[in-house]
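Take a look at the structure set out below.
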Amino acid sequence: KEIPSSIERETLKAKGIKLLSYIGGNAWFASISDEDALRFNVPKVVAKYPFLKQIRSISEIFPEDKVAPQIREKRIGDWARTADGKVELVVNYFKDASIEQVKKKLEQLGATIIGEIPAVHSIVISIQEEKIRSIANEDSISWIELVPPSGKPESDRARTHVQVDAAHASGLNGNGVDIGVFEKGHCSNTHPDLAGRVTKGDADPWDRRQHPTMTGGMIAGNGSQSTAHGGAANQWRGN
1 KEIPSSIERE TLKAKGIKLL SYIGGNAWFA SISDEDALRF NVPKVVAKYP FLKQIRSISE
61 IFPEDKVAPQ IREKRIGDWA RTADGKVELV VNYFKDASIE QVKKKLEQLG ATIIGEIPAV
121 HSIVISIQEE KIRSIANEDS ISWIELVPPS GKPESDRART HVQVDAAHAS GLNGNGVDIG
181 VFEKGHCSNT HPDLAGRVTK GDADPWDRRQ HPTMTGGMIA GNGSQSTAHG GAANQWRGN
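Take the sequence shown: its letters are residues 1 to 239, numbered as in the UniProt record's numbering.
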């Protein structure tokens, strides 16, 4: 059962309690415009907000709560530091915030926008380390973490983990199957496996980990670069 239900959420919203994003363990980020709702254990308040009877606690979100421990504890890896001494971050914002307004505020704080992933409410930036706290102070920001380190080419080991050999032995070849891939950027149109197969691509995609190119190659690559390595999806070649 969804907790709270969509009807209960609309009721809460009408009463000044807006649920923003789910954290886990039946916990939510929320904005509360009626301070009475904070006193959820007072009988007359519960009478005003019957749903509050189901609430265990309401806690204020402090700036440090929005910052990943790795950043708070000054354990910033070299992969996340730029040549000019800045730090590259993934900044998440609440879904009721305008991405354009969030980007404008980040730039006012001195950030350089590297990329954005609107579907998951994230913006990739670089900024001076001492200004991270200022970002966390913004109400529209929900979480700040380091960009992940660049991945290593270990796809050959993935065959065993995802049981590729068993899939190949089944005789399935993908004929008649339509596949959609949702990614955060375009494929590289210069990759040999995708030559002549990319309708819209980038010669130099901003995603330095090339994930869109990898997934695109798995689905639609011609196999010219993967045959020798036994690519997981090589049965789809040419289809």
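Ideal placement from N, C-alpha and C gives every residue a C-beta, glycine not left out.
Here the structure is a predicted model, which means the values were calculated and not measured.
1. Would you identify the three-state DSSP class for I71, choosing helix, strand or coil?
2. Tell me whether E88 is buried or exposed, calling it buried when 16 or more other Cβ atoms sit within 10 Å of its Cβ.
3. Let me check one thing: in DSSP terms, what residues is S31 bridge-paired to?
4. Looking at C-alpha atoms only, which residue of A80, S140 and I76 is the closest neighbour of F94?
5. With distance defined between alpha-carbon atoms, name the residue in I144, H211, V120 and H121 nearest to K131.
6. With distances taken Cα to Cα, identify the nearest neighbour of K184 among D96, I135 and I123.
7. Count the other C-beta atoms from every protein chain shown that fall within 10 angstroms of the C-beta of I23, then say buried if there are 16 or more, exposed otherwise.
8. Do the region 184–193 and the region 210–224 make contact, defined as three or more Cβ pairs closer than 8 Å?
9. Ordered along the chain, which non-local residues of its own chain (more than five positions away) have a Cβ less than 8 Å from that of D193?
10. Among the residues of its own chain, which have a CB less than 7 Å from the CB of W79, if the five just before and after it don't count?
11. Straight-line CA distance for I113 to D36?
12. Given a cut-off of 7 Å, decide if V181 and I219 are closer than it, judged by their beta-carbon atoms.
13. Given K103, which residues of its chain have a CB within under 8 Å of its CB, disregarding the five upstream and five downstream residues?
14. Does DSSP put L172 in a helix, a strand or coil?
15. Assuming the contact rule is C-beta atoms closer than 8 Å, W28 and L20 should be a hit. Round their C-beta distance to whole Å, please.
16. For N92, which of R197, E138 and E73 has the nearest alpha-carbon?
17. At the level of alpha carbons, what is the spacing between I32 and P118?
18. Is the distance from the Cβ of V67 to the Cβ of A111 below 7 Å?
19. In terms of residue numbering, what span does the beta strand (DSSP E) encompassing E129 cover?
20. Quick one: residues in its chain with C-beta nearer than 7 Å to the C-beta of I3, no 5 flanking neighbours on either side, listed in chain order?
21. Output yes or no for whether 7 Å exceeds the beta carbon distance between S134 and L109.
22. Grab me the residues of S57's own chain with a C-beta within less than 6 Å of its C-beta, minus the 5 sequence neighbours each way, in chain order.
23. Output needed for E8: all residues of its chain with C-beta closer than 7 Å, excluding positions within five of it in sequence on either side, in chain order.
24. Enumerate in chain order the residues of its own chain whose CB-to-CB distance from R197 is below 6 Å, with the five nearest sequence positions on each side excluded.
25. Got a sec, what are the start and stop residues for the beta strand (DSSP E) V91 sits in?
Put simply:
1. Position 71 of the sequence shown, counting from 1, holds the residue named residue 71. Residue state, collapsed to three classes: helix.
2. Position 88 of the sequence shown holds residue 88. Per the 10 Å Cβ criterion, buried.
3. Taking the first residue of the sequence shown as position 1, residue 31 is located at position 31. Answer is K18, bridged to S31.
4. For the purposes of this step, residue 94 is taken as residue 94 along the sequence shown, with counting starting at 1. Here the closest residue by C-alpha is S140.
5. As a first step, residue 131 must be located in the sequence shown, where it is residue number 131. The candidate whose alpha carbon is nearest that of K131 is I144.
6. Taking the first residue of the sequence shown as position 1, residue 184 is located at position 184. Checking every option, the nearest Cα to that of K184 belongs to I123.
7. Locating residue 23 in the sequence shown gives position 23, where the first residue counts as 1. I23 should be labelled exposed.
8. yes
9. What you label residue 193 is simply residue 193 of the sequence shown in a count that begins at 1. Counting only Cβ-Cβ distances below 8 Å, and skipping sequence neighbours, we find G217, G221, N222, G223, S224, Q225 and S226.
10. What you label residue 79 is simply residue 79 of the sequence shown in a count that begins at 1. If we look at W79 and ignore the five residues flanking it on each side, its Cβ neighbours are P149 and S150.
11. Here residue 113 is taken as the residue at index 113 of the sequence shown, counted from 1. Here residue 36 is taken as the residue at index 36 of the sequence shown, counted from 1. Using only the alpha carbons, I get a separation of about 39 Å.
12. Numbered from 1 along the sequence shown, position 219 holds the residue referred to as residue 219. Numbered from 1 along the sequence shown, position 181 holds the residue referred to as residue 181. Contact flag set, yes.
13. For the purposes of this step, residue 103 is taken as the residue at position 103 of the sequence shown. Taken in chain order, the residues that qualify are I113, E116 and I123.
14. Taking the sequence shown and counting its residues from 1, the one referred to as residue 172 is at position 172. L172 falls in the coil class under three-state DSSP.
15. The residue labelled residue 28 in the question sits at position 28 within the sequence shown. The residue labelled residue 20 in the question sits at position 20 within the sequence shown. 7 Å between Cβ atoms; contact.
16. Counting from one through the sequence shown, the residue named residue 92 turns up at place 92. Cα-wise, what sits closest to N92 is E138.
17. The residue you call residue 32 lines up with position 32 of the sequence shown. The residue you call residue 118 lines up with position 118 of the sequence shown. About 24 Å.
18. In the sequence shown, counting from the first residue as 1, residue 67 sits at position 67. In the sequence shown, counting from the first residue as 1, residue 111 sits at position 111. Against a cut-off of 7 Å, the Cβ pair of A111 and V67 comes out as no contact.
19. Position 129 of the sequence shown, counted from the first residue, corresponds to residue 129. Segment: none, E129 is in no beta strand (DSSP E) and carries neither H nor E.
20. The count along the sequence shown starts at 1 and reaches residue 3 at position 3. Excluding positions up to five away in sequence, the list reads N26.
21. Walking along the sequence shown from the start, residue 134 turns up at place 134. Walking along the sequence shown from the start, residue 109 turns up at place 109. For S134 and L109, yes; Cβs fall inside 7 Å.
22. Along the sequence shown, read from residue 1 onward, the residue named residue 57 stands at position 57. None.
23. Walking along the sequence shown from the start, residue 8 turns up at place 8. Excluding positions up to five away in sequence, the list reads F51.
24. Here residue 197 refers to the residue found at position 197 when the sequence shown is read from its first residue. Within the same chain, R197 has close Cβ partners A220.
25. Residue 91 sits at position 91 when you count from the first residue of the sequence shown. Taken as a continuous stretch (DSSP letters only), the beta strand (DSSP E) holding V91 covers V87 to Y93.
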